[in-house]
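Quick notes on the structure that follows.
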Amino acid sequence: MIDFDVMVLPRVNAVLNGTATILLLIGFTMIRQGRWKAHRNVMLSAFGVSILFLISYVTYHSLRGGMNTPFGGGGAFLVGLYRFILFSHIIFAAILPVLAIMTLYRGLQKRYDRHKKIARWTYPIWLYVSITGVLVYFMLYEWFPASGG
């Protein structure tokens, strides 16, 4: 049997989210420059990285048995800020897969007018989810870890 420390996965997830963020920014730059093939390839890479994230995230929570990591920060402002970031992240992350698939599908089908319309919603949501995913990681595991957690 392989000895595997599940606690490495939150950091892996943060790296995957950070990578997705960078790819999203590059993809946006590529389309603004009219580099459609580069845009397509970078956005497909961002989608692939996001799928790897989702697999890692589900694996982590499955192996942890549904246990949540407590937030160790104190003070009403900090707790409120953390909760706002976390809850908004969760809400947007819940709708992102559908938006991303629809956007990707329309782009691959060369339905660029419809792709562009939905991408105006998908892109900022995807970017927000990727950035706040990294932020939640840092708040839980690096900046304000719960004692003993």
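Position one of the sequence shown corresponds to residue 58 (my numbering), numbered consecutively onward.
Using N, Cα and C, we set each Cβ at its ideal position, and we do this for glycine too.
Check                                                                                             : Outcome
Whole-Å CB distance - Phe104 paired with Ala150, under 8 Å assumed                                : Phe104 to Ala150, Cβ: 15 Å. No contact.
Contact set for Gly206: own chain, Cβ-Cβ below 8 Å, skip 5 residues either direction              : Low confidence applies to Gly206: its pLDDT is 46, below 50, so where it sits in the model is not reliable enough to give any reading.
Terminal residues of the alpha helix (DSSP H) in which Ser145 lies                                : Ala133 to Leu165
Segment limits, alpha helix (DSSP H) that includes Asp60                                          : Premise fails: Asp60 is in no alpha helix (DSSP H) and is neither H nor E.
Three-state class that DSSP yields for Phe201 in the structure shown                              : coil
Given Thr78 as reference, the closest of Ser204, Leu184 and Trp200 once Cα atoms are compared     : Leu184
For Phe128: DSSP bridge partner residues                                                          : Pro202
Three-pair Cβ contact test at 8 Å for the segment 70 to 85 versus the segment 189 to 205          : yes
Among Ser113, His118, Gly131 and Ala203, nearest to Asn70 - alpha-carbon criterion                : Ser113
Cβ shell of Ile175 (< 7 Å), same chain only, five flanking positions each side left out           : Leu156, Met159, Thr160 and Arg163
Contacting residues, own chain, Cβ-Cβ under 7 Å from Tyr139 (five flanking each side not counted) : Phe128, Gly130 and Met196
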